[in-house]
Amino acid sequence: MPVTNVLTATAAWLAFLHALAPDHWVPFVALARTNSWSRSKLALVTFLAGLGHVGTSLVLGLAGILLGQELSRLQGVEARRGEMAILLLIGFGIAYLAWGIKHARHGVNHHHVGVDSLAGAAKTAFLTRFWIFFAVMIFGPCEPMIPLIFLAWAKGLQPLLSVVGVFSFITVTMVVAQSLLAYQGLSFFWSRHEDQLARYSHAIAGATIIAVGLLVILFDL
Numbered sequence: 266m267p268v269t270n271v272l273t274a275t276a277a278w279l280a281f282l283h284a285l286a287p288d289h290w291v292p293f294v295a296l297a298r299t300n301s302w303s304r305s306k307l308a309l310v311t312f313l314a315g316l317g318h319v320g321t322s323l324v325l326g327l328a329g330i331l332l333g334q335e336l337s338r339l340q341g342v343e344a345r346r347g348e349m350a351i352l353l354l355i356g357f358g359i360a361y362l363a364w365g366i367k368h369a370r371h372g373v374n375h376h377h378v379g380v381d382s383l384a385g386a387a388k389t390a391f392l393t394r395f396w397i398f399f400a401v402m403i404f405g406p407c408e409p410m411i412p413l414i415f416l417a418w419a420k421g422l423q424p425l426l427s428v429v430g431v432f433s434f435i436t437v438t439m440v441v442a443q444s445l446l447a448y449q450g451l452s453f454f455w456s457r458h459e460d461q462l463a464r465y466s467h468a469i470a471g472a473t474i475i476a477v478g479l480l481v482i483l484f485d486l
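Structure below.
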């Protein structure tokens, strides 16, 4: 079997396993449901996040090759990026949980909100998207991608393009698909319990994001 096929198959399998990690899609589902995103908006957000997720690791890997950096050094950089991403995710979840509890205690009537309330909600939604994007796109590493880039580069340009293309496609596709499937299931559950959940929806989203971050740390996902 040609080496390109072996490397491509390996990239596909590792991308599949890597994208299953809950921190790649659960936070987006929680935020989408809480902030009433449309499915198309969720798909766009997760698509861009997935591109940024693989893109930063690709840039780092190629830069390392061009600068003659050792693989172990780049893997160390990726590991530190991963730790920072999880801490950012948990920190954001704590802040969002606190805001959600405050929001619930004030008992905001969604049918009679004032201009200040709408402005505050819009600002919170913007900050939410910004920090999640920041954590996932800038710091969230694709750990398996770096060694694959080095291996493929050693075999030539065609293996490199094949590995990068397949890994990126599967990762981005799975991030989007998992988010949409989970959102659909959550929407069905939410519609049956909306009266009980609506008031605490932001707090629930914050707690969910915290739980995802802790699971990643505890089980080294």
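Heads up: take any position in the sequence shown, counting from 1, add 265, and you land on the working numbering. The C-beta atom is built at its ideal place from N, Cα and C for all residues, glycine as well.
- Around the beta carbon of R346, 16 or more other beta carbons sit within 10 angstroms, so the residue counts as buried.
- Here the alpha carbon of H371 sits roughly 19 Å from the alpha carbon of I359.
- Residue state for E408 is assigned as coil, using DSSP reduced to three classes.
- Using a Cβ-Cβ distance cut-off of 8 Å, the segment 284–300 and the segment 440–452 are in contact, since at least three pairs of beta carbons, one from each stretch, lie closer than that value.
- A residue is called buried when at least 16 other Cβ atoms come within 10 angstroms of its Cβ; A276 meets this threshold and is buried.
- Straight-line measurement puts the Cα of L309 at about 23 Å from the Cα of I351.
- P424 sits in a helix when the DSSP states are folded into three classes.
- Here the alpha carbons of F484 and T273 stand approximately 27 Å from one another.
- In the three-state scheme derived from DSSP, where H, G and I count as helix and E and B as strand, L272 is classed as helix.
- Here the segment 311–318 makes no contact with the segment 463–479; the two share fewer than three CB pairs at distances below 8 Å.
- Only residues of its own chain outside the window of five on either side were considered, and among them F293, V440, V441, S444 have a CB closer than 6 Å to the CB of T311, listed in chain order.
- Nearest neighbour of L307 by Cα position, chosen from G320, M349, T321, V291, turns out to be V291.
- DSSP places D288 within a helical segment (H, G or I) once states are collapsed to three.
- Here V429 is actually not in contact with L279; their C-beta atoms are around 13 Å apart, not less than 8 Å.
- S303 carries a coil assignment under DSSP once its states are collapsed to helix, strand and coil.
- When the five nearest sequence neighbours on each side are left out, the beta carbons in the same chain lying within less than 6 Å of the beta carbon of W418 are those of I330, L425, in order along the chain.
- Within the same chain, G326 come within 6 Å of I414 by CB-CB distance, once the 5 residues on both sides are set aside.
- Per DSSP, G471 is one residue of the alpha helix (DSSP H) stretching across 466–484.
- When the Cα atoms are used, L332 and Q423 turn out to be separated by approximately 21 Å.
- Excluding residues up to 5 positions away in sequence, R346, M349, A350 lie with their Cβ nearer than 6 Å to the Cβ of F404 in the same chain.
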